[in-house]
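The opening position of the sequence shown corresponds to residue 39 in the numbering used here, with each subsequent residue numbered one higher.
Have a look at the structure below before the remarks.
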Amino acid sequence: MIVLLEKSAPAGADRALLQLAAKLGLPGRSLSGSWGRQAVELEDPIPASALRVLRAAAHVEELLTKRPSYPHAELEGEEGVRPVHVGELVIGGEELVLAAGPCAVESEEQLEAAAAAAARAGAKILRGGAFKPRTRPGDFQGLGVAGLKMLREAADRHGLYVVTEALDAADCDDVAEYADLIQIGARTMQATSLLKAAARTGRPVLLKRALSATLDEWLGAAEYLLDGGAPGVILCERGSRTFETATRFGLDIGVLAAARLRTHLPVFADPSHPAGRRALVLPLARAALAAGADGLLVEAHPDPSCARCDGPQALLLEELAGVAEDMRTIGGAVGRSFPAARSPRAAAGS
Ligand code: PEP
Ligand code: MN
39 MIVLLEKSAP
49 AGADRALLQL
59 AAKLGLPGRS
69 LSGSWGRQAV
79 ELEDPIPASA
89 LRVLRAAAHV
99 EELLTKRPSY
109 PHAELEGEEG
119 VRPVHVGELV
129 IGGEELVLAA
139 GPCAVESEEQ
149 LEAAAAAAAR
159 AGAKILRGGA
169 FKPRTRPGDF
179 QGLGVAGLKM
189 LREAADRHGL
199 YVVTEALDAA
209 DCDDVAEYAD
219 LIQIGARTMQ
229 ATSLLKAAAR
239 TGRPVLLKRA
249 LSATLDEWLG
259 AAEYLLDGGA
269 PGVILCERGS
279 RTFETATRFG
289 LDIGVLAAAR
299 LRTHLPVFAD
309 PSHPAGRRAL
319 VLPLARAALA
329 AGADGLLVEA
339 HPDPSCARCD
349 GPQALLLEEL
359 AGVAEDMRTI
369 GGAVGRSFPA
379 ARSPRAAAGS
């Protein structure tokens with residue numbers, strides 16, 4: 039059961055209520071911070087005599103006897119999206135956000151070209167993996183911490199934020215040192231020790247949906263992050279495994295829209311991984327924008343034919359301007375906006 043306290047309750051009212059509950063033999067914990075007011079979760083079942091005492095206790099507004107499965111991640115009433123802040127960037131507000139860059143960090147030159155093109159197109163976040171979850175051990179695994187440093191430096195040169203994947207709990211502190219937003223990948227969405235470690239860093243998290251996760255499982259993973267102290271979670275739909283071979287994964291527009299109805303978390307779409315090939319990226323991006331995505335995570339590479347990972351689906355850098363144009367026009371049709379492209383001079387920060 040959740041006990042909601044009055045909005046005007048003084049600081050510490052949640053602790054006082056927990057003490058009262060403890061006297062009644064009811065274990066519980068504070069949920070304050072996640073409900074926009076103080077709140078306490080008490081373990082069910084609660085005897086009727088205890089319910090009477092709790093209902094009459096100081097500053098108690100409401101006892102929610104039907105316990106939500108995801109108290110931090112689920113919507114409370116009709117409130118809509120609660121924006122997540124990445125530095126000064128607002129994700130989940132009126133303005134759509136583009137994160138773009140290569141699948142994997144490969145070299146300074148590659149990142150410099152990608153960051154310049156991303157900034158020029160109006161992206162606010164540079165993406166790129168330094169720890170890569172590859173199918174085969176012989177495949178390129180990423181440059182590790184050296185890659186994180188390159189990512190940070192390229193992003194700083196172009197006024198961009200950084201998103202990059204933490205693949206293992208042991209990577210989280212390094213990733214948090216160099217990145218503004220920690221990406222949890224589809225393959226590790228349910229690695230709970232990784233989720234807890236990412237949350238402990240205090241960085242916001244971009245949480246990909248696992249290849250076969252239901253919305254409930256996705257929200258359960260978000261709940262681990264928020265419960266563990268992550269200041270914000272952005273969901274990212276990246277397609278699930280289907281029988282179809284014409285695409286790499288099935289981008290689930292339905293679950294993207296359903297997530298929007300069920301949670302206050304901003305929802306991104308990654309059109310690159312479900313596309314699997316360049317020609318499908320823009321159509322999928324458009325569908326996701328029309329369905330209400332708050333932003334896109336898109337792969338782009340200065341020379342996809344030489345990419346060490348996911349070359350076939352990487353956009354050419356000049357194609358990022360087309361993604362931005364779609365964000366402007368389709369965003370405009372669904373009540374969102376996307377900033378005008380920056381001039382090359384502004385993008386270079388000079
Ligand atoms: C990626 O973004 O490069 C990536 C590995 O994504 P996913 O976890 O969705 O496969
Ligand atoms: Mn990739």
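Note that CB positions come from ideal geometry on N, CA and C, so glycine has one too.
Less than 7 angstroms between C-beta atoms, sequence neighbours within five positions excluded: which residues of the same chain meet that for E117?
Short of 7 angstroms from the beta carbon of E117, and not among the five residues preceding or following it, lie these beta carbons of its own chain, in chain order: H302.
Same chain only: Cβ atoms within 7 angstroms of K45, ignoring 5 sequence neighbours per side:
Only R75 meet the Cβ criterion.
I want to check one thing, is the minimum distance from the CB of E337 to the heavy atoms of the ligand MN below 7 angstroms?
True, at least one ligand heavy atom lies under 7 angstroms from that Cβ.
If you reduce the DSSP assignment to three classes, tell me which class C347 lands in.
Coil, per DSSP.
Once you ignore the five residues that flank G70 on each side, which residues in its own chain have a CB closer than 7 angstroms to its CB?
Checking the displayed sequence, the identity of residue 70 turns out to be Ser instead of Gly. Correct list, in chain order: D52, Q76 and A77.
Excluding sequence positions up to five away, which residues of its chain have a Cβ less than 8 angstroms from the Cβ of V372?
Here V372 has L327, A328 and G330 as same chain residues with Cβ atoms under 8 angstroms from its own Cβ, once five neighbours each way along the sequence are excluded.
Would you say R286 touches the ligand PEP, meaning its beta carbon is less than 7 angstroms from a heavy atom?
For R286, the shortest separation between its Cβ and any heavy atom of the ligand PEP does not lie below 7 angstroms.
Is there a C-beta anywhere in chain C that falls below 8 angstroms from the one on R225?
Among the protein chains of the structure shown there is no chain C, as only one such chain exists.
How would you call H311, buried or exposed, if buried means at least 16 neighbouring beta carbons within 10 angstroms?
Burial call: buried.
Which one of E282, L289 and T283 has the shortest CA to CA distance from C274?
Each of E282, L289 and T283 was checked against the Cα of C274, and the nearest Cα belongs to L289.
What residues sit near the ligand MN, counting only those whose C-beta is closer than 5 angstroms to one of its heavy atoms, in chain order?
Cβ atoms closer than 5 angstroms to the ligand MN belong to C141 and D348.
Whole angstroms is fine: what's the gap from R174's alpha carbon to L56's?
It is roughly 50 angstroms from the alpha-carbon of R174 to the alpha-carbon of L56.
Let me check you understand the geometry: is the CB of E275 closer than 7 angstroms to at least one non-hydrogen atom of the ligand PEP?
No; taking the cut-off as 7 angstroms, the Cβ of E275 has no heavy atom of the ligand PEP nearer than that.
Chain-order list of residues whose beta-carbon lies under 6 angstroms from that of S231 (same chain, five-residue window excluded)
The residues are A207.
Please tell me whether D137 and L335 are closer than 8 angstroms, where the distance is taken between their beta carbons.
Inspection of the sequence shows that residue 137 is occupied by Ala rather than by Asp. Yes.
So, A313 versus V305, is the Cβ gap smaller than 8 angstroms?
Not in contact: A313 and V305 (Cβ atoms no closer than 8 angstroms).
Would you say the beta carbon of P171 is closer than 7 angstroms to some non-hydrogen atom of the ligand PEP?
For P171, the Cβ falls inside the 7 angstroms cut-off from some heavy atom of the ligand PEP.
How big is the Cα-Cα spacing for E261 and L149?
E261 and L149 have their C-alpha atoms roughly 33 angstroms apart.
Starting from the C-beta of C141, find all residues in its chain whose C-beta is less than 7 angstroms away, skip the five residues before and the five after it, and write them out in chain order.
Contacts found: G167, E337, A345, C347, D348 and A352.
Would you tell me roughly how many angstroms separate the C-alpha atoms of F178 and R172, rounded to the nearest one?
If I take the Cα positions, the gap works out to 7 angstroms.
Comparing the CB of G223 with every heavy atom of the ligand PEP, is any distance shorter than 7 angstroms?
In this structure, G223 has its CB closer than 7 angstroms to one or more heavy atoms of the ligand PEP.
In the structure shown, what three-state DSSP assignment does L257 receive?
DSSP, read as helix, strand or coil, puts L257 in helix.
Could you compute how far the alpha carbon of G176 sits from the alpha carbon of K170?
Rounded to whole angstroms, G176 to K170 spans 12 angstroms at the Cα level.
Can you pull the DSSP bridge partners for C141?
BP columns for C141 are empty, so no partner.
Classify S404 as helix, strand or coil using the three-state DSSP reduction.
Residue 404 lies beyond the residue range present for the chain, which begins at 39 and ends at 388; the question has no answer from this structure.
Reduced DSSP secondary structure (H/G/I, E/B, other) of K45:
In the structure shown, K45 sits in coil (DSSP, three-state: anything other than H, G, I, E or B).
Pairing CB atoms from the segment 248-262 with CB atoms from the segment 220-228, are three or more of them under 8 angstroms?
Touching, per the Cβ criterion.
Distance cut-off 7 angstroms: H311 Cβ against heavy atoms of the ligand PEP
When distances are taken from the beta-carbon of H311 to the heavy atoms of the ligand PEP, the shortest one is below 7 angstroms.
Residue closest to V213, alpha-carbon to alpha-carbon, out of G197, D332 and A237
If you compare the alpha carbons of G197, D332 and A237 with that of V213, the shortest gap goes to A237.
Is the beta carbon of D290 within less than 7 angstroms of some heavy atom of the ligand PEP?
No.
Just verifying my parser: in three-state terms, what is the DSSP assignment at V128?
V128 falls in the strand class under three-state DSSP.
Residue environment, G333, which counts as buried when at least 16 other CB atoms sit within 10 Å
Buried.
Are there any heavy atoms of the ligand PEP lying less than 7 angstroms away from the beta-carbon of D308, as far as the coordinates show?
Residue side-chain check: D308 places its Cβ nearer than 7 angstroms to a non-hydrogen atom of the ligand PEP.
Does any heavy atom of the ligand PEP sit closer than 7 angstroms to the C-beta of G182?
No, the ligand PEP has no heavy atom inside 7 angstroms of this Cβ.
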